[in-house]
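With positions in the sequence shown counted from 1, the corresponding number in this note's numbering is that position plus 183. Where is the CB? At the ideal position from N, CA and C, for every residue including glycine. Here the structure is a predicted model, which is why all the values come from computation and not from measurement. Down below is the structure, laid out as structure tokens.
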Amino acid sequence: MEVFLVNLIAATFRVSTPIVLAAIGETYSERAGILNLGIEGIMYFGAFVGFLVADKTGSLWFGLLIAILSGIVFGVLMGFFTVTLGVNQHVSGLGITLLLTGLTLFAFRLFYGGRSTPPSIPSFQVIKVLPDNPILGPILSQYWLTYVTFLVIVPLAWWILYRTNFGLKIRSVGENPEAVDAAGISVPAVRYAALAIGGGLMAAGGAFLSLFQLGAFTHGIISGRGWVAIAIV
184 MEVFLVNLIA
194 ATFRVSTPIV
204 LAAIGETYSE
214 RAGILNLGIE
224 GIMYFGAFVG
234 FLVADKTGSL
244 WFGLLIAILS
254 GIVFGVLMGF
264 FTVTLGVNQH
274 VSGLGITLLL
284 TGLTLFAFRL
294 FYGGRSTPPS
304 IPSFQVIKVL
314 PDNPILGPIL
324 SQYWLTYVTF
334 LVIVPLAWWI
344 LYRTNFGLKI
354 RSVGENPEAV
364 DAAGISVPAV
374 RYAALAIGGG
384 LMAAGGAFLS
394 LFQLGAFTHG
404 IISGRGWVAI
414 AIV
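Here's what the structure looks like:
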């Protein structure tokens, strides 16, 4: 029973990492007044493009970087549709999810054809901490991005949103954009920034699955984790 609980706790940290990253990204977007339903597609595309770049270049770090940049790009695209063009947020978000899902499937067939087995690469390795301790060892032995997510990104997101001037602008834009505009602050600029940050975190969550947890890409790799992240927020 003890072994089961230890392994359960250890697995919980790993399984929740991509969801937490995506949820924090969605938090930035929603605090700025934009519901980003493109989260599922951004995670999916981030998982694929990170895997593709890592596979072709041999660099997991470069793959992760490109995945994050792709998320930023599509976060900005979401901003262009909703902030600049004034398109309905739900339509824009679902449109981006459908677009990226189709684009990912097309790119997968383009680069890997009709392979019967999913392509795989050597993934990031778990950092071994206290390997001789039967209880703390399995729990503390996690991927470095899991440590960064829970020890850096989560508290940093809270600090930015609730303890900085930038975070105040994000929350104010989401709660009362007219007052923010009257104060001379650019509402579109703040929303674009929040969506870009959010998109990067969402894509990082997707890339975690392909570059850390699985070391492979499959069509069902996200499996609704984006919607779970939205439900959490």
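Along the chain, where does the alpha helix (DSSP H) containing residue i start, and where does it finish?
i: Asn348; result: 348-358
i: Val186; result: 185-214
i: Leu282; result: 272-295
i: Phe228; result: 222-240
i: Phe264; result: Run containing Phe264: none; DSSP gives neither H nor E here.
i: Gly389; result: 370-391
Just to confirm before moving on: does the CB-CB distance between residue i and residue j stay below 8 Å?
i: Gly221; j: Ile279; result: yes
i: Tyr227; j: Gly389; result: yes
i: Asn219; j: Gly381; result: yes
i: Ala206; j: Ser393; result: no
i: Thr401; j: Leu204; result: no
i: Ile225; j: Ala412; result: no
i: Ile353; j: Arg197; result: no
i: Val236; j: Phe245; result: yes
Spell out the partners DSSP gives residue i in its beta bridges.
i: Ile310; result: Gln325
i: Ser406; result: Ser406 pairs with nothing; no bridge assigned.
i: Ser303; result: Ala399
Report the rounded CA-to-CA distance for residue i versus residue j, giving the unit in angstroms.
i: Pro407; j: Glu223; result: Reading off the sequence shown, one finds Gly at residue 407, where the question assumed Pro. Cα-Cα distance, rounded: 7 Å.
i: Glu185; j: Ala194; result: 14 Å
i: Ala340; j: Val373; result: 16 Å
i: Phe187; j: Phe395; result: 23 Å
i: Ile202; j: Val416; result: 11 Å
i: Val259; j: Leu384; result: 13 Å
i: Ser324; j: Leu191; result: 13 Å
i: Ala379; j: Asp315; result: 42 Å
i: Leu328; j: Phe291; result: 25 Å
i: Leu281; j: Gly398; result: 25 Å
i: Phe234; j: Leu243; result: 8 Å
i: Val337; j: Phe391; result: 16 Å
i: Gln272; j: Gly262; result: 9 Å
i: Val189; j: Leu313; result: 14 Å
i: Trp342; j: Ala250; result: 25 Å
i: Leu248; j: Leu319; result: 31 Å
i: Ser199; j: Gly409; result: 12 Å
i: Tyr295; j: Pro301; result: 9 Å
i: Val274; j: Leu288; result: 21 Å
i: Ala377; j: Arg346; result: 16 Å
Below 7 Å, is the gap between the Cβ of residue i and the nearest heavy atom of the ligand SAM?
i: Thr284; result: As for the ligand SAM, it is missing from this structure, which has no ligand bound.
### Message
Three or more C-beta pairs under 8 Å: does that hold for the region 264-284 against the region 345-364?
### Response
no
### Query
Counting Cβ pairs, one atom from each stretch, are 3 or more of them under 8 Å apart for the region 305-319 and the region 251-261?
no
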